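Residue 469 is where the sequence shown ends in the numbering used here, and the numbering goes up by one at each step.
Where a beta carbon is used, it is the ideal one built from N, C-alpha and C, also for glycine.
Everything numeric in this text was worked out from a predicted model, so none of it was measured.
Written out below as structure tokens is the structure these notes cover.
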Amino acid sequence: MELQYMGTGAAEGIPATFCTCRVCREAAGRGGREIRTRSQALLDGKILFDFPPDAYAHYLAYRFDLPAIEHVLVTHSHMDHFFPQEFELRSKGFVPTPLPLLHIYGNDKVEQALLAALPQRDEERHRLRFHRLRPFERIDAGGYAVTPLLAKHDPTEQCLFYLVEQGDRALLYAHDTGIFPAETWDYLDSAKPRLGLVSLDCTTAAFKDGNNHMGLPDVVQVRERLLKMGLAGETTVFTLNHFSHNGGLNHRELSEKAQGMGFAAAWDGFIATC
Ligand SMILES: [Zn+2]
Ligand SMILES: [Zn+2]
Ligand SMILES: [Zn+2]
């Protein structure tokens, strides 16, 4: 499986929309890998993780086949992960050409946000179907076995992250989570996936969090636990994603520190495989 990171920033991006801190000033000046748009990733050119306000910019930057996409796995309803107003642009007045049915998967808050944005939502008109997910209930999405896992994030909604398996390949795509809650560790312990790729939240970069997000001190703990449980091994690729300027490190600094701890710090455009 090939995972392309198209956006690797937290809600405000880097440089953050209205910020003049050191990290943001450097990013604005240097450009390149220092720039982070809101988080979104593409699996094998077929499955999208999240649909942020930058989805259209990602379409332009990476030239993937967005009109042909049939599956979007949404982690939670925060605006940096789900910007449902965009889906109105699937309706016939905007798109005269045929579109495949787009399956959007998410929790009840994601469904509410979709309904609020598209009060006239109609499967035929928008070529769109919503699927409500429940933690730990596996579904099939385009030939991939997808298991939503419970994140530790906004307590007012059931935030999810994803275990995706195909054949003997498995990847974990986890952001907007602190150190995983007990139910998720229990599930992983019983399901025993052999993870080829583990992508973790590192929003707070240099600083410890573990409750709402993670920083380098937290991801090290998660990595050790996955190795100890036998879910990850020597060949497992560990990557970091969803960074905030408030983590205090630019990409160059973050990348160096992460590498020393056994992680690759993703950037917008980075590709990881397993
Ligand atoms: Zn986020
Ligand atoms: Zn800043
Ligand atoms: Zn969030």
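Own chain residues within Cβ distance below 6 Å of residue i, not counting five before or after
i, result
"LEU345", "PRO330, PRO376, GLU378, THR379"
"VAL415", "MET456"
"TYR382", "PHE331"
"ALA401", "GLY442, GLY443, LEU444"
"PRO525", "Nothing can be reported for residue 525, as the shown portion of the chain is limited to 196 through 469."
Contact belief for residue i with residue j at Cβ below 8 Å, rounded distance in angstroms
i, j, result
"THR434", "SER385", "Actually they do not touch by this definition, with Cβ atoms about 25 Å apart."
"ASP275", "ALA206", "4 Å"
"ASN407", "GLN353", "Between GLN353 and ASN407 the Cβ distance is about 15 Å, and since that is not below 8 Å, they are no contact."
"MET201", "TYR257", "6 Å"
"THR399", "GLY442", "5 Å"
"ALA369", "LEU198", "With 8 Å as the limit, ALA369 and LEU198 do not qualify as a contact, their Cβ atoms being about 12 Å apart."
"PRO248", "ARG233", "6 Å"
"PHE246", "PHE277", "6 Å"
"GLU306", "ARG327", "6 Å"
"HIS266", "LYS241", "7 Å"
"THR270", "TRP462", "In fact, because the Cβ distance is near 20 Å, the residues do not count as touching under 8 Å."
"PRO388", "GLU419", "Contact flag wrong, Cβ pair sits at about 17 Å."
"ILE299", "LEU309", "7 Å"
Spatial neighbours of residue i in its chain, beta-carbon cut-off 7 Å, leaving aside the 5 residues before and after
i, result
"PHE458", "VAL414, PHE433, THR434, LEU435"
"CYS216", "HIS440"
"ASN318", "Note that residue 318 is Glu in the sequence shown, not Asn. Excluding sequence neighbours, GLU318 sits near ARG324."
"PRO262", "LEU294"
"CYS469", "MET196, ARG364, LEU366, GLY391, LEU392, VAL432"
"LYS403", "GLY410, PRO412, ASP413"
Sequence-distant residues of its chain with Cβ nearer than 8 Å to residue i (five each side left out)
i, result
"GLU283", "PHE289, ALA312, LEU313, HIS321"
"CYS214", "GLU207, HIS440"
"ALA252", "THR232"
"HIS273", "ALA206, ASP349, ASP371"
"ARG333", "ALA340, VAL341, THR342"
"GLU221", "GLU229, ASN445"
"ASP335", "VAL341"
is_contact[residue i, chain C] using C-beta, thresh 8 Å
i, result
"THR351", "Chain labels in this structure do not include chain C; a single protein chain is all it has."
4-residue-minimum alpha helix (DSSP H) runs that sit fully inside the segment 346–398, ordered along the chain: The segment 346–398 contains these whole alpha helix (DSSP H) runs: 377–386.
Pocket of ligand 1 defined by Cβ to heavy atom distance under 7 Å: ALA205, ALA206, SER234, HIS273, ASP275, HIS276, HIS370, ASP371, HIS437
Whole beta strand (DSSP E) elements within the segment 251–338, 3-residue minimum: 266–268, 297–301, 323–327, 334–336
Heavy atoms of ligand 2 versus C-beta positions, residues under 5 Å: ALA211, CYS214, CYS216, CYS219, HIS440
Beta strand (DSSP E) runs contained entirely in the segment 425–469, provided each spans 3 or more residues: 432–436, 466–468
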